[in-house]
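The structure appears right after this line, and notes come after that.
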Amino acid sequence: MAMREHIAGNCSSDFALAGNFPLGSPESQSYASLDRVQKLLQSSTPNATLYVEAYFRVYNPCLPILDPSSFVSKMESSHDTQVDPSWLAQYFVVLGLGSYALARDEVASSEYFYASEACLARTSYMFRPTVMHISTLCLMVLAKSVAYATCWALDTSWNVMGLVVRLSMTMVLHKDWMPGYMEPVIAHERKLRRHLWVVVVYLDIQMSLITGQQSLLPQDALLISTEPCDPSMLEDCFDSVVPQSFPIVCHFLARINSQIDQITYEEVIQYDLELRQLMRQTSDLPGNEHLRLTLDVFFRRALSVLHGHYALAHNAAVIYPISYWSCLDCNLAMMRHHQSLSSSSSSERGSDLGLVAQPYMLDFFAAALTACVHLLSMSQPTDSLLPDRSTISRSLENCVKLIGREESKSLCFRTGYHLLSAVFDLTCKHSSNGQSTVM
């Protein structure tokens with residue numbers, strides 16, 4: 001039934017926000033009136049500080065789009081009635097994210113998002129973009145997935161990121177700003193622009209990994225000139241480890257999607273080595289645990305995509321052992337992340353972790369589905385270190401139940417849950433019939 005609905009294109013339940021957000025939502029028209037914007041601004045004042053604090057506590061550590069001190073300073077100085085629409089666009093989207101983090105109310109938070117879209121439409125973002133416009137658009141892409149990270153929502157996010165990348169390149173964000181000039185103001189602006197470009201590329205690659213679409217970033221735009229330094233804490237990774245991974249991931253994504261220059265197993269092994277070297281640099285660093293988790297999801301999702309073709313080939317455990325084990329290891333780790341993030345904790349920390357997990361629901365679904373395919377494989381690996389099959393089956397069963405909790409939220413989740421349940425049932429029958437000795 002759900003599959004038939006999907007084929008028919010009945011996807012209205014798959015969006016917490018309008019499908020065209022933030023580039024033409026009909027709902028944003030209600031904020032075309034400046035009076036309506038001012039009323040929302042005034043009514044939000046009592047809770048504004050709480051919403052901003054919630055945004056910076058939950059979302060900004062994982063995707064550091066904004067500088068907290070700069071944002072709060074701007075917020076405190078913007079109380080006059082003639083507020084810059086560029087600032088309002090950014091302010092409202094932060095309020096929307098913070099509002100959702102506190103109350104999980106999609107309807108209430110969406111009003112802030114649509115007001116943000118209406119304010120952005122009053123700016124020159126399309127023909128004279130600024131750093132504030134780009135960061136606001138990145139926040140809007142995040143907003144599309146915080147409630148329902150469905151296939152349709154992420155597909156449209158990939159489309160929006162195409163525009164964000166091009167607007168960023170229009171303002172030469174991908175190149176060093178005024179190189180050679182060391183005046184403090186110029187150096188600060190250069191660092192700010194460089195950091196924002198890292199965030200843009202990171203988001204674009206994330207969308208490419210989960211949607212299966214190729215990143216359209218040119219290779220020379222990925223060679224981000226960062227000042228050489230070893231990260232001393234996780235928060236330093238966006239100035240070191242993360243941008244170093246971009247050329248690697250984008251290059252193999254292009255090769256995987258190519259019909260001509262297909263990637264070889266030997267090249268996959270080399271890419272794996274390079275990515276894992278970067279992952280090891282983050283393993284013992286102190287820092288925000290939300291960021292630690294999302295970085296691990298990013299790298300493991302990339303590795304799973306890298307190895308997918310060879311890992312799922314016939315007799316892969318024997319012919320392509322590195323791909324087989326690496327893919328299985330990454331998917332098991334993703335399933336563990338899913339279970340730990342979805343634990344029913346009533347504490348603020350547990351609640352925050354659930355919010356952090358929401359944009360990665362399809363990553364977790366893909367990990368569980370791929371693990372099922374591993375269990376159905378006819379390969380017979382002999383490695384004694386392999387986790388027990390029953391242990392993996394229990395993890396899979398838990399993941400199926402967790403995804404089942406989301407079934408009623410959208411057509412996408414319902415379709416995914418039914419598909420995963422059916423494949424998991426096959427693995428159980430396969431095991432009981434003794435048809436496979438994979439694990």
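Position 237 of the sequence shown, counted from 1, bears residue number 237 in UniProt numbering, the numbering being contiguous throughout. The beta carbon of each residue, even a glycine, is placed where N, CA and C say it ideally should be. As the structure is a prediction and not an experimental result, all values here were calculated from the model.
Contact annotation: V146 and Y100 have beta-carbon atoms nearer than 8 Å. Apart from the 5 residues on each side of it in sequence, F413 sits with its Cβ closer than 6 Å to the Cβ of E406, E407 in its chain, given in chain order. In chain order, I263, Y271, L306 place their CB closer than 7 Å to the CB of F252, counting only its own chain and leaving out the 5 sequence neighbours on each side. If you check the CB distance, Y114 and E53 do not come in under 8 Å. Judged by beta-carbon spacing, I134 lies within the 8 Å limit of L196, meaning their Cβ atoms are closer than that value. With a 10 Å radius around the Cβ and a threshold of 16 neighbouring Cβ atoms, V185 comes out exposed. Taking 8 Å as the upper bound for CB-CB distance, S25 and A32 are not in contact here, some 12 Å apart.
DSSP assignment within the region 35-103 yields the following whole alpha helix (DSSP H) runs of 4 residues or more, N-terminal first: 68-77, 85-103. V199 sits in a helix when the DSSP states are folded into three classes. Rounded to whole angstroms, the separation of the alpha carbons of S69 and P359 is 26 Å. Between A118 and V37, the C-beta spacing is below 8 Å. Secondary structure at H314: coil, using DSSP grouped into helix, strand and coil. With at least 16 other beta carbons inside 10 angstroms of its own, L234 counts as buried. Of the residues C229, F299, T282, the one whose Cα lies closest to the Cα of F246 is F299. Between the beta-carbon of Y51 and that of G98 there is about 3 Å, and that keeps the pair under the 8 Å contact cut.
Of the candidates Y202, P231, G416, S395, the residue whose Cα lies closest to the Cα of P243 is Y202.
Secondary structure of L167 (DSSP, three-state): helix. DSSP places R276 in the uninterrupted alpha helix (DSSP H) bounded by 265-283. The beta carbons of C237 and L295 sit about 6 Å from each other, so the pair counts as a contact at 8 Å. For G404, the enclosing alpha helix (DSSP H) has its first and last residue at 389-405.
Note on R280: under 16 other CB atoms within 10 angstroms of its CB, so exposed under the neighbour-count rule.
When secondary structure is reduced to three states using DSSP, S33 falls in the coil class, being assigned neither helix nor strand. Under the three-state reduction of DSSP output, Q262 falls in the coil class, being neither helix nor strand. Note on geometry: alpha-carbon atoms of V400 and M132 lie some 41 Å from one another. A Cβ-Cβ contact shorter than 8 Å links L63 with V199. Per DSSP, Q219 lies in no alpha helix (DSSP H) segment and is marked neither H nor E. The Cβ neighbour count for Q259, taken over all protein chains shown within 10 Å, is under 16; the residue is labelled exposed. Scanning R128, S116, F127, A153 for the CA closest to the CA of T136 turns up S116. Contact check for A368 and S304: beta-carbon distance about 12 Å, past the 8 Å limit, so the pair fails to qualify. P231 carries a coil assignment under DSSP once its states are collapsed to helix, strand and coil.
With fewer than 16 other Cβ atoms inside 10 Å of its own Cβ, P46 counts as exposed. Close CB contacts of E267 within its chain, under the 8 Å cut and outside five residues either way in sequence, are with F252, R255 (chain order). Sequence-distant Cβ neighbours of T211 in its own chain, meaning closer than 7 Å and more than five residues away, are L154, D155, W158.
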